[in-house]
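What follows is a short report on a single structure.
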Amino acid sequence: MLAMVDIKNTATSNEPPASTLPLTILDEDGEELFECDSCGLHYRPSKSTSSLRLTYCGFLCEIGDLGFSIDGLEQMEIISTSDANADTSSDEGGSVDVNEEPNPVPSASTST
Ligand SMILES: [Zn+2]
């Protein structure tokens, strides 16, 4: 009796826990679930609000992992063009040195 219990114990301890197996997880509709790179959540790529829907479950995880969102970058470029004028105006105006070279020799050949 004791020997049987011993065998059963060694058999179960050799088995790896099922939760750590890298299996493809499907939801009830048969759609493949992806694991979010940021939070580790299993999600449907078609329901993801992230631009990188194969990587992140949503845009919040995309921002949290990358520090920015792809969608946000496109909007930031539009805003930064209007802000660029204020930045460059402060750089200029320090020394305005217009180097004008007066031409002392008149060209006589032009007038006939
Ligand atoms: Zn996530």
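Be aware that the sequence shown starts at 611, since it is given in my numbering, and climbs by one per residue. Backbone N, C-alpha and C define an ideal beta-carbon position, used for all residues, glycine too. Keep in mind that this is a model prediction, so the values were computed, not measured.
What residue range does the beta strand (DSSP E) around residue i cover?
i	result
Glu645	Glu642 to Glu645
Identify the continuous alpha helix (DSSP H) that holds residue i and give its terminal residues.
i	result
Glu672	Phe669 to Leu676
Cβ of residue i within 8 angstroms of Cβ of residue j?
i	j	result
Ile673	Leu662	no
Ser658	Asp675	no
Glu645	Leu636	no
Leu656	Gly668	Just to set this straight, residue 656 is Ser in the shown sequence, not Leu. Result no, Cβ atoms of Ser656 and Gly668 do not sit closer than 8 angstroms.
Can you determine whether any heavy atom of ligand 2 sits closer than 7 angstroms to the C-beta of residue i, and answer yes or no?
i	result
Cys671	For ligand 2, the structure offers nothing, since it holds only ligand 1.
Around ligand 1, Cβ to any heavy atom closer than 5 angstroms, ordered along the chain
Qualifying residues come out as Cys646, Ser648, Cys649, Leu651, Cys667 and Cys671.
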